[in-house]
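Protein chains in written order, with my numbering: chain A, 47 to 181; chain B, 9 to 117. Report on the following structure.
Okay, structure coming up:
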């Protein structure tokens with residue numbers, strides 16, 4: 047009797063285990079399939095504000111700040127710029143199409159998601175909250 | 009001290025020699041074709057990945073155009089556009105775009 051019960055419990059456990067394993071495998075399969083197709087990256091301004099702008103504001107957050115190296119000129123204003131241009135600029139630095147050494151170093155550390163977040167933060171939607179001011 | 013005075017004078021001269029003329033820049037925006045993508049005042053880019061120029065710093069705009077012209081900065085469209093500009097024309101265009109007050113560009117606080 048107890049042996050019968052044991053067998054029944056064992057069978058149930060095995061069946062359950064197999065089902066769980068199958069479900070797990072199915073679940074694991076889904077993201078793999080999704081990763082095969084390029085997913086559109088959506089920028090999140092709040093993520094940028096919380097974690098990612100620290101290395102931007104040292105130069106871009108100071109009104110009238112000038113570069114020190116290798117040439118001296120005003121660091122461009124990026125707040126209120128088109129998000130698509132900020133994305134293009136950071137990728138151009140990352141891929142070496144733009145020369146500034148510090149920006150190359152910074153852009154090299156950014157993922158596509160980081161770039162999308164920063165573009166959303168500095169882009170026009172965010173800037174709309176802050177009034178444009180005469181310099 | 010004399011060397012210093014000379015350096016200051018040379019620096020002042022080098023600035024004044026390349027001062028841009030915004031009125032000339034206004035004509036160049038049309039003549040050189042900038043207007044097609046950036047808008048007359050640089051406030052209305054045609055495509056999402058093109059920058060707003062209106063109100064941007066003068067010396068940064070000079071730097072950007074000079075880098076395109078010299079090939080230090082690479083872009084299929086801008087290399088050709090900036091390549092046709094003289095140093096004076098670059099200064100004039102930068103003076104025009106940077107003098108625009110209607111812009112969304114601002115200093116982030």
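Cβ atoms here follow ideal geometry from the backbone N, Cα and C, with glycine treated the same way.
7 Å Cβ shell around residue i - same chain, five flanking residues per side excluded
{"i": "residue 92 of chain A", "result": "none"}
{"i": "residue 106 of chain A", "result": "121, 124"}
{"i": "residue 107 of chain B", "result": "30"}
{"i": "residue 74 of chain B", "result": "98"}
{"i": "residue 119 of chain A", "result": "112, 113"}
{"i": "residue 48 of chain B", "result": "37"}
{"i": "residue 41 of chain B", "result": "89"}
{"i": "residue 153 of chain A", "result": "136, 139, 140"}
Euclidean distance between Cα positions of residue i and residue j
{"i": "residue 52 of chain B", "j": "residue 88 of chain B", "result": "21 Å"}
{"i": "residue 144 of chain A", "j": "residue 125 of chain A", "result": "20 Å"}
{"i": "residue 103 of chain A", "j": "residue 92 of chain B", "result": "35 Å"}
{"i": "residue 33 of chain B", "j": "residue 43 of chain B", "result": "11 Å"}
{"i": "residue 141 of chain A", "j": "residue 163 of chain A", "result": "19 Å"}
{"i": "residue 37 of chain B", "j": "residue 99 of chain A", "result": "34 Å"}
{"i": "residue 114 of chain B", "j": "residue 64 of chain B", "result": "8 Å"}
{"i": "residue 155 of chain A", "j": "residue 135 of chain A", "result": "14 Å"}
{"i": "residue 79 of chain B", "j": "residue 86 of chain B", "result": "10 Å"}
{"i": "residue 160 of chain A", "j": "residue 84 of chain A", "result": "16 Å"}
{"i": "residue 54 of chain B", "j": "residue 168 of chain A", "result": "19 Å"}
{"i": "residue 157 of chain A", "j": "residue 45 of chain B", "result": "29 Å"}
{"i": "residue 111 of chain B", "j": "residue 60 of chain B", "result": "8 Å"}
{"i": "residue 94 of chain A", "j": "residue 109 of chain A", "result": "20 Å"}
{"i": "residue 146 of chain A", "j": "residue 95 of chain B", "result": "21 Å"}
{"i": "residue 50 of chain B", "j": "residue 109 of chain B", "result": "11 Å"}
{"i": "residue 35 of chain B", "j": "residue 81 of chain B", "result": "25 Å"}
{"i": "residue 101 of chain A", "j": "residue 137 of chain A", "result": "16 Å"}
{"i": "residue 97 of chain A", "j": "residue 105 of chain B", "result": "33 Å"}
Which listed residue (the options) has its alpha carbon closest to that of residue i
{"i": "residue 98 of chain B", "options": "B/41, B/50, B/83, B/69", "result": "B/69"}
{"i": "residue 101 of chain B", "options": "B/84, B/85, B/71", "result": "B/71"}
{"i": "residue 62 of chain B", "options": "A/128, A/87, A/138", "result": "A/128"}
{"i": "residue 83 of chain B", "options": "A/157, A/139, A/153, A/149", "result": "A/139"}
{"i": "residue 116 of chain A", "options": "A/101, A/148, A/158", "result": "A/148"}
Other residues of its chain near residue i: CB distance less than 6 Å, five sequence neighbours each side excluded
{"i": "residue 165 of chain A", "result": "89, 129, 132, 133"}
{"i": "residue 58 of chain B", "result": "45"}
Beta carbon of residue i nearer than 8 Å to that of residue j
{"i": "residue 66 of chain B", "j": "residue 39 of chain B", "result": "no"}
{"i": "residue 56 of chain B", "j": "residue 77 of chain B", "result": "no"}
Cβ-based neighbour list, residue i, same chain, cut-off 8 Å, excluding 5 preceding and 5 following
{"i": "residue 6 of chain B", "result": "The requested residue 6 of chain B is not part of the displayed model; chain B covers only 9 to 117."}
{"i": "residue 87 of chain A", "result": "158, 159, 162"}
{"i": "residue 150 of chain A", "result": "139, 140, 142, 144"}
Those residues which DSSP pairs with residue i across a bridge
{"i": "residue 120 of chain A", "result": "A/112"}
{"i": "residue 55 of chain B", "result": "Looking at the DSSP assignment, residue 55 of chain B forms no beta bridge with any residue, so it has no partner."}
{"i": "residue 125 of chain A", "result": "B/114"}
{"i": "residue 169 of chain A", "result": "A/127"}
Residue i beta carbon near the ligand ADP (any heavy atom closer than 7 Å)
{"i": "residue 70 of chain B", "result": "Of ligands this structure carries none, so the ligand ADP is not represented either."}
Chain D contact residues for residue i, given Cβ-Cβ distances below 9 Å
{"i": "residue 143 of chain A", "result": "You won't find chain D in this structure, because its protein chains are A and B."}
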